[in-house]
Amino acid sequence: MRSPLLALFVCVNVMLVGCSSKSITEAADLVFQGGAVFTSDPENPTASAVAIRGDRIVYVGNESGVASFIGDNTRQITIGDGLLISGFMDSHTHVFNGSFSDVGVNLSLADTREKLQSALEAIRDANPGNGPIYARGWQNHLFPKTGPLARELDTIFGDRVVILGSVDGHSRWFSSRALREGGVDAGYPDPQPGISFFERDPLSNEPLGTGREKAGQHIQAAFVPGDKMAYERRFSDWLPRAAAAGLTGVFDAWAGAPTEQDAYAIWQALGESGELTLRIFGSVREVDSADVIASRFKAFSETYASDMVRPEAIKLAADGVPEGHTAFLLTPYVDSTNEDFGQPMISKADLTANITTYFSHNIPVHIHAIGGAAVRMSLDAIEAARNETGNQAVRATIAHMDFVHPDDIPRFAALNVTAQTSIQWAARDPSYFNIGSFVGMDKVENAYPVRSIMQSGANQSFGADWPASAYLSTYKPLELIEAAVTRRLPGELAMPVRNADQAVSVGEAIIAMTRNTAIQVGELDTLGSISVGKLADVVLLESNLFDIPADNIHSTTITMTVVNGDIVHGQ
Ligand SMILES: [Zn+2]
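So the sequence shown is residues 553 to 1123, counted in our numbering.
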């Protein structure tokens, strides 16, 4: 990373010896011009030229204005038919959990057996040799109830250890060699019959290839070590893919590599060596009493305090997920005979008390809430904590918010709460019908009311929640942008649109993954838009997203990614 101090030193020296040449002191390192710029800055939404010096944006305007920033050593880049935007900031993701199983091929996008076959061949071709292969993301609905078969993997990979997690993380698919090396045969006892078990041939009791829940965890542990070094290697391997997707910053919602301390230590070391190509706004999990967590947050804030890595918020959970009937709803689950609303993960009194403690220390909170009752309870708790502490400014985010009662929508703006959504979930994919059968089809149709929230004046951000997903698992911002605009899965033109009233414009979607995430993490003064004085995190796209068909957004190439003024992807 370039040093601003060094630049200052050079400049002062030049001035001491009588610097008369204006062009030298003001020359930019990088100039983008000759095309469209979407700034994410409402005061100055579009431009046609941008200059970057050191790690800062020094000019935003037009060709004639940028001319005085061009010196002999200024690199000039033509935007052409492309689009220059602020770097993408994901507002809720899990970079270690995601990168640990990422091999550069998205299995969750394979929604037919043919696509899955091609994806598996791509994984094989990218991993020559005979070492073990571990990846995650296959879709359950492609297979019968007994899951995929070991011999299907053997046909593609040969006699090799292959372990593939399902997209929801509840199943593993093993090759025959993996089962054999793990000692799993007809006589092998299931860890917990009916819950953690291997799918078996009913006659021979031989394992078929799929393990549910914890079944086969020992095989994965033997071949895919989950120690700090392994996490660091897989995360480092992923960083170029993140840069190629235009990611320049993330809020990480549940760090573990495998411990939280390890996660921050890895980020910090990569940041110091200059290898970290995206900014990390981390979380601290609420796994202890609020006082203990508040002091841990403060200790982390002192140890990890760079412009690339710092803790941002305490992560709390108000409820679970609808698939497990653990989302806390305002109306009962439709498939339950008794009045089952689900349960909160924490009592309202405890949630309120804990948030009050954090607010009194001026520590932001980030609360997982899926069901409408969990969202309402979180808003109530934030309201009470704001009243109790008098702290209206400390940041608060409610994450996911699949179901929000219309009465609660205006409360986000009123209470200064960021609404965070994994917008690629807002398609009529197979999970739509699955979750609809639990909570009611009207609920899933009206889920993710992001446009109403934006129009209410609240801050609405988008983040992928990678690798967690009921269907499409992705870290790629352009897939989220397309889903936000089309309310369909990326590229799925034939798919019916889900609740078209809540679709947003291309500009609103970009702002939700730039400016609005910067607001969420308290960095609007330094990040989130192409504005003079802000840190130079920008992304050059091959096509102008405002001019192309919406279903082409996800396949647009990221030509260049710049972080802190340094080109981290492209050339
Ligand atoms: Zn998450």
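Don't be surprised by glycine CBs; every beta carbon is placed ideally from N, CA and C. Fair warning: this is a prediction, and the values are worked out from it, not measured in the lab.
Quick check: what's the CA-CA separation for residue i versus residue j?
i: Thr889; j: Ala901; result: 29 Å
i: His1121; j: Gly1085; result: 23 Å
i: Ile975; j: Ala926; result: 19 Å
i: Val776; j: Val802; result: 26 Å
i: Arg732; j: Glu765; result: 19 Å
i: Ser853; j: Ile832; result: 13 Å
i: Val562; j: Gly623; result: Low confidence applies to Val562: its pLDDT is 44, below 50, so where it sits in the model is not reliable, and the reading given next is rough at best. Going from the Cα of Val562 to the Cα of Gly623 covers about 16 Å.
i: Trp725; j: His644; result: 28 Å
i: Arg712; j: Asp720; result: 24 Å
i: Asn1116; j: Ser748; result: 47 Å
i: Tyr856; j: Arg862; result: 5 Å
i: Phe621; j: Ala580; result: 5 Å
i: Leu1045; j: Asp1103; result: 7 Å
i: Leu1030; j: Tyr740; result: 45 Å
i: Asn682; j: Arg1040; result: 39 Å
i: Gln744; j: Ser1021; result: 25 Å
i: Leu668; j: Gly632; result: 36 Å
i: Gln1124; j: Glu595; result: Nothing can be reported for residue 1124, as the shown portion of the chain is limited to 553 through 1123.
i: Ala842; j: Ala937; result: 13 Å
i: Val1091; j: Phe640; result: 8 Å
i: Asp858; j: Ala702; result: In the sequence as presented, Asp is not what sits at residue 858; that position holds Ser. Each residue's alpha carbon lies about 47 Å from the other.
i: Glu864; j: His913; result: 13 Å
i: Met1006; j: Glu1060; result: 9 Å
i: Asn524; j: Gly617; result: Residue coverage of the chain in this structure runs from 553 to 1123, which leaves residue 524 outside it and unanswerable.
If you compare alpha carbons, which of the options is closest to residue i?
i: Asp840; options: Pro777, Val776, Thr909; result: Thr909
i: Thr1051; options: Val1058, Thr1038, Gly587, Gly872; result: It is Asn, not Thr, that sits at residue 1051 in the sequence shown. That would be Thr1038, whose Cα lies nearest to the Cα of Asn1051.
i: Gly924; options: Pro916, Ala937, Pro896; result: Pro896
i: Asp1118; options: Ser899, Thr829, Met1047, Phe985; result: Thr829
i: Ile685; options: Leu1041, Trp977, Asp654; result: Asp654
i: Asn1011; options: Asp994, Phe955, Ile1071; result: Ile1071
i: Met781; options: Ala817, Gly894, Asp804, Ala796; result: Ala817
i: Gly1074; options: Thr626, Val946, Val618; result: Val946
i: Phe652; options: Asp1089, Arg688, Gly632; result: Arg688
i: Ser1057; options: Val969, Pro1001, Ala1036; result: Ala1036
i: Arg605; options: Asp804, Ile1100, Arg627; result: Arg627
i: Ala851; options: Thr878, Leu881, Met860, Gln813; result: Gln813
i: Arg676; options: Leu659, Pro745, Asn692; result: Leu659
i: Ser718; options: His957, Ser1025, Ala937; result: Ser1025
i: Ser989; options: Tyr1023, His877, Leu1092, Asn943; result: His877
i: Val991; options: Pro1019, Asp892, Ile898; result: Asp892
Apart from the five residues on each side of it in sequence, which residues of its chain come closer than 7 Å, Cβ to Cβ, to residue i?
i: Ser811; result: According to the sequence provided, residue 811 is Thr. The question's Ser does not apply to it. If we look at Thr811 and ignore the five residues flanking it on each side, it has no Cβ neighbours.
i: Ser1008; result: Ile961, Pro962, Phe964, Ala965
i: Glu673; result: Ile708
i: Ala665; result: At residue 665 the sequence reads Arg, which differs from the Ala that was named. Closer than 7 Å at Cβ, skipping near neighbours: Leu694.
i: Ile1063; result: Ser592
i: Gly656; result: Ala678, Arg793
i: Asp753; result: Leu760
i: Arg848; result: Val836
With a cut-off of 8 Å on the beta carbons, I'd call residue i and residue j a contact; round off their distance for me.
i: Ile922; j: Val844; result: Not a contact, Cβ separation roughly 26 Å.
i: Ile919; j: Thr949; result: 7 Å
i: Ile1082; j: Val589; result: 6 Å
i: Ser727; j: Ala738; result: Not really, about 17 Å apart at Cβ, beyond 8 Å.
i: Gly1080; j: Ser638; result: 6 Å
i: Ala978; j: Ala951; result: About 15 Å; that fails the 8 Å criterion.
i: Ala599; j: Gly613; result: 6 Å
i: Ala797; j: Tyr1027; result: 6 Å
i: Leu967; j: Ala933; result: 10 Å between Cβ atoms; not a contact.
i: Gly634; j: Asn1096; result: 6 Å
i: Ser1013; j: Thr1069; result: 5 Å
Once the 5 residues before and after residue i are set aside, which same chain residues still bring their CB inside 8 Å of it?
i: Trp806; result: His646, Asn649, Ser835, Arg837, Lys867
i: Glu751; result: Thr698, Gly699, Pro759, Leu760, Gly761, Thr762, Gly763, Arg764
i: Ser573; result: For Ser573, the predicted structure reports a pLDDT of 42, less than 50, and the residue's modelled location is therefore unreliable. The matter cannot be settled from this model.
i: Met929; result: Ala870, Phe880, Pro896, Lys900, Leu903, Ala921
i: Met953; result: Ala921, Ile922, Val927, Ala971, Gln972, Thr973, Tyr1000
i: Asp779; result: Pro810
Could you tell me which residues DSSP puts in a beta bridge with residue i?
i: Tyr611; result: Ala603
i: Asp593; result: None; Asp593 has no bridge partner.
i: Phe584; result: Val602, Ile629
i: Met1112; result: Leu1092
i: His920; result: Ala869, Ala951
i: Arg831; result: Gly801
i: Tyr686; result: Ile715
i: Thr762; result: Trp725
Spatial neighbours of residue i within its chain, please: C-beta separation below 6 Å, excluding the five flanking residues on both sides.
i: Ile771; result: Ala730, Gly734
i: Thr1109; result: Glu1094
i: Ile1124; result: Because the chain here runs from 553 to 1123, residue 1124 falls outside it and cannot be looked at.
i: Ala795; result: Thr829, Thr1113, Val1120, His1121
i: Leu705; result: Val714, Ser727
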